[in-house]
Amino acid sequence: MNYLTRFLWFCSGANFTLLKKAPTDASKYVGIGGTIFFTGILASLSAGYALFTVFQSIWYAVGFGLLWGLMIFNLDRFIVSSMRKEGKVSNEWKMAVPRLVMAVILALVISKPLELKIFEREINRELDKKKIEMLAESKERIAAGFPEVEQLEVQKDSLKSEIDGARLYRDQLQEAYDQERFGVKTSGSSGIVGLGTNAKKKEQQLDAAQRTLDQLQVDHQARIDKIDERLADLTKAKEEEFSKVQPQIDGFDGMAARIDALATISGQSQSVKLANLMIILLFIAVETAPIFVKLISPRGPYDRLLSLAEKKVEVYVDEKTTLLVRESELRLGKC
């Protein structure tokens, strides 16, 4: 008998002494032990990835992963070893149902982090989409808290529009003046070349428009500069507010966010939903396999030897109890 066989027997929770007397059951308990052992390994990997997602620390992940794997291993070992083959199907199913329920719960807990790892790329893309949406919502919310910005922008645009309007009017007068002095015949010009009376009037109008434009540019530019200074202060305040929100958005990749993203992906893609279901069913099958093996397998020599050993203990305890009661009655009778 090699060490691997003994180790797998230990994993199955079997009694070595009794199992050596029933060699025909040895391979069955090797298979059961192997299933329990590899379930523990999968549980370690699952818990390690889950904790690494939360703390981003390889040491925490490895430590907790090993601890969780050992706990699942011990629990599975207890579930299987506590089942008894008594030859009565109804009694066996009564013992198996609560153990099956517990095995299914364990399978769901173990499978979820590994599902997140398998669909990690798709989940990351979904999280990026949500981060972009959160950024847009945050910017809109912060902008709504600074209504003065919009008012100042309107004032600034209004001042620029007035300057543009004065410049446009000056340009129109410039064009009319040029047409008049160069003798271009239009509905508003005489068509005579030279600086005549009409040309001088238009020149005076042009000079007045230019002075108005220059004064307007000086006055409005001073107001625009003040508005720009105020806008710069408000922009800085908005950036400070956004800097408080930015880390929360960047850190939106925890376990709950990934589970929610996986649910969203599953709802959008039938293939992902089906693959997700197959993974869960696979883990349920692996976790419940040892229990079903004990249920469907016939009552073998090991089960009979185990029942005999337990019966011996029961009879021994009954004998000792009866003997103790009689000795006590004799002592009381003598008194």
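Using the numbering used here, the first residue of the sequence shown is number 1, and each one after it goes up by one.
Where a beta carbon is used, it is the ideal one built from N, C-alpha and C, also for glycine.
None of these values were measured; they are calculated from a predicted model.
Pull up the distance between the alpha-carbon of residue i and that of residue j, whole angstroms please.
{"i": "Pro247", "j": "Ala107", "result": "35 angstroms"}
{"i": "Asp178", "j": "Lys202", "result": "9 angstroms"}
{"i": "Leu70", "j": "Met102", "result": "16 angstroms"}
{"i": "Ile79", "j": "Leu306", "result": "16 angstroms"}
{"i": "Lys129", "j": "Val286", "result": "35 angstroms"}
{"i": "Ala309", "j": "Thr39", "result": "30 angstroms"}
{"i": "Ile284", "j": "Ile291", "result": "11 angstroms"}
{"i": "Gly254", "j": "Leu114", "result": "15 angstroms"}
{"i": "Arg299", "j": "Gln270", "result": "44 angstroms"}
{"i": "Leu206", "j": "Glu239", "result": "46 angstroms"}
{"i": "Phe37", "j": "Phe119", "result": "25 angstroms"}
{"i": "Leu342", "j": "Ile72", "result": "With the chain covering 1 to 335 only, the question about residue 342 has no answer from this structure."}
{"i": "Val97", "j": "Asp76", "result": "14 angstroms"}
{"i": "Lys112", "j": "Trp93", "result": "28 angstroms"}
Kindly indicate which three-state DSSP category residue i falls into: helix, strand or coil?
{"i": "Met83", "result": "coil"}
{"i": "Ser271", "result": "helix"}
{"i": "Asn2", "result": "coil"}
{"i": "Ser161", "result": "helix"}
{"i": "Lys21", "result": "coil"}
{"i": "Asn15", "result": "coil"}
{"i": "Asp207", "result": "helix"}
Which residues in the same chain have their Cβ closer than 6 angstroms to the Cβ of residue i, if we skip the five residues on either side of it in sequence?
{"i": "Asp250", "result": "none"}
{"i": "Ala61", "result": "Gly48, Leu51, Phe52"}
{"i": "Gly34", "result": "Leu8"}
{"i": "Ala275", "result": "none"}
Within 10 angstroms of the Cβ of residue i, are there 16 or more other Cβ atoms? Answer buried if so, exposed if not.
{"i": "Lys236", "result": "exposed"}
{"i": "Leu332", "result": "exposed"}
{"i": "Gly145", "result": "exposed"}
{"i": "Arg125", "result": "exposed"}
{"i": "Leu282", "result": "exposed"}
{"i": "Phe64", "result": "buried"}
Report all residues from its chain with a CB closer than 7 angstroms to the CB of residue i; omit the five preceding and five following residues, and keep chain order.
{"i": "Leu66", "result": "Ser44"}
{"i": "Glu148", "result": "Leu234"}
{"i": "Tyr169", "result": "Ala209"}
{"i": "Leu100", "result": "Thr288, Ile291"}
{"i": "Thr197", "result": "none"}
Just to confirm my understanding: we take residue i, look at its own chain, exclude 5 residues before and 5 after, and list those with CB closer than 8 angstroms. What are they?
{"i": "Lys311", "result": "none"}
{"i": "Pro301", "result": "Lys21, Ala22, Thr24, Asp25"}
{"i": "Tyr29", "result": "Leu8, Trp9, Ser12, Ala14, Leu19, Tyr302"}
{"i": "Ile123", "result": "Leu116, Arg258, Ala261, Leu262, Ile265"}
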